[in-house]
Every structure is written in structure tokens, then in C-alpha cells.
Amino acid sequence: MKKCPFCNKNNMKSHEILHEDDNHLVFFSKEPVTVGHTLVIPKKHIKSMLALTDKETDKLFELVKKTARIIHKTLKPNGLDIGTNYGRIAGQSIDHLHVHVIPRYKGDFTFLQIVGKNLSPYAKVLKGDEIKLVDKLRAAFA
Ligand SMILES: [Zn+2]
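Just so you know, we're using our numbering here: the sequence shown kicks off at -7 and counts up by one.
Okay, structure coming up:
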């Protein structure tokens, strides 16, 4: 667990945290596939949603829905991918449950390119612009 980047407080200080409550964090992905690619995690170290209690699942996905609404309202993408990967074969790269909220824009790329790690050059070009969005999104969570 010590090596888990999402449990490492020093590592998490380098993330753009959009929202935090007692049990969850919402922050920008460090490997964004589009502008606004956001992760929602429980603070509790757990590998997948299969191990969550029903109450924990409810709380996590209430926050996922809130995050999706805020991303959709603020960034105005054409759609959203919302999902979580369990196991290497499914594309899980960090063994701490995280739910992706990925804004999708016309002409970006396919979901298979995301899980295949063929990151869109489009995301890298616009990555700097994400920083400007942090304050706007943090305010929306308030
Ligand atoms: Zn962890």
C-alpha cells in the first residue's frame, strides 16, 4: 500500500485536486486523454469496486455523478466516458480503485485507444489549458 501513488500524500500534493471530502478525492489525471480527464477515488485503499460495501458504492457514485455534471456543464464536451478498469487486462494501471470521468469531444479518438494507452496528441497539446480550469471546477464543487 505504501507504494500506491493514490495513498501517497506527497504524490497527491502534485495533483490538481478539484474536490476533497472525508472519504474521497477528485483530481485531474496526470495522463489525460482529453482536456478535463478527471479521476474520482475513495481514500480507502481498495483495488476495485467489487470490494466496496453498498453504502460506499452509493457515496462514491453520487460523487462520480456530481463530477460528471460539473465537467459536462463547465467544459461542454459532446459526451462523457465514465468508467473503472479492474485488472491489468482491463487496463487498470494503479491498484487503487479510480473512476474515470473523461470528456469526449467530436473527433478526439475511440475508447479502445484510451485503454490501449495510445494517448491522443490532442490531449497533450491542450494539457496546459487544463490548469486554467482548476479554479473554475473547484468553485463548482463548493
Ligand atoms: Zn491506495
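Beta carbons are placed, not taken as given, at the ideal position from N, Cα and C, and that holds for glycine.
As the structure is a prediction and not an experimental result, all values here were calculated from the model.
Proximity of residue i and residue j at Cβ, strictly below 8 Å
i, j, result
"Ile30", "Met41", "Residue 30 is actually Thr in this sequence, not Ile. Cβ atoms of Thr30 and Met41: not closer than 8 Å."
"His37", "Phe19", "no"
"Gly90", "Asp73", "Note on identity: in this sequence residue 90 is His, with Gly being the wrong assignment. For His90 and Asp73, no; Cβs fall outside 8 Å."
"His11", "Ile33", "no"
"Thr26", "Asp100", "yes"
"Gly28", "Leu52", "no"
"Ala134", "Ile62", "no"
Distance, residue j Cα to residue i Cα
i, j, result
"Asn2", "Arg130", "20 Å"
"Cys(-4)", "Lys98", "34 Å"
"Gly71", "Asn0", "32 Å"
"Val56", "Ala43", "17 Å"
"Asp127", "Phe(-2)", "22 Å"
"Gly79", "Pro24", "20 Å"
"Lys22", "Lys47", "29 Å"
"Lys76", "Gln84", "Note on residue identity: the sequence assigns Thr, not Lys, to residue 76. Going from the Cα of Thr76 to the Cα of Gln84 covers about 8 Å."
"His64", "Met4", "24 Å"
"Thr96", "His88", "The amino acid occupying residue 96 in the given sequence is Arg; Thr does not appear at that position. If I take the Cα positions, the gap works out to 24 Å."
"Pro69", "Ile9", "21 Å"
Assigned secondary structure, residue i (DSSP; H/G/I helix, E/B strand, else coil)
i, result
"Glu54", "helix"
"Asp73", "strand"
"Ile94", "strand"
"Asp100", "coil"
With 16 other Cβ atoms within 10 Å as the buried cut-off, status of residue i
i, result
"Thr59", "buried"
"Ile86", "exposed"
"Ile94", "buried"
"Ile81", "exposed"
Discussion item. My parser needs the beta strand (DSSP E) runs of 3 or more residues fully inside the region 6 to 70; what are they?
Written reply: 9 to 12, 16 to 20, 30 to 34
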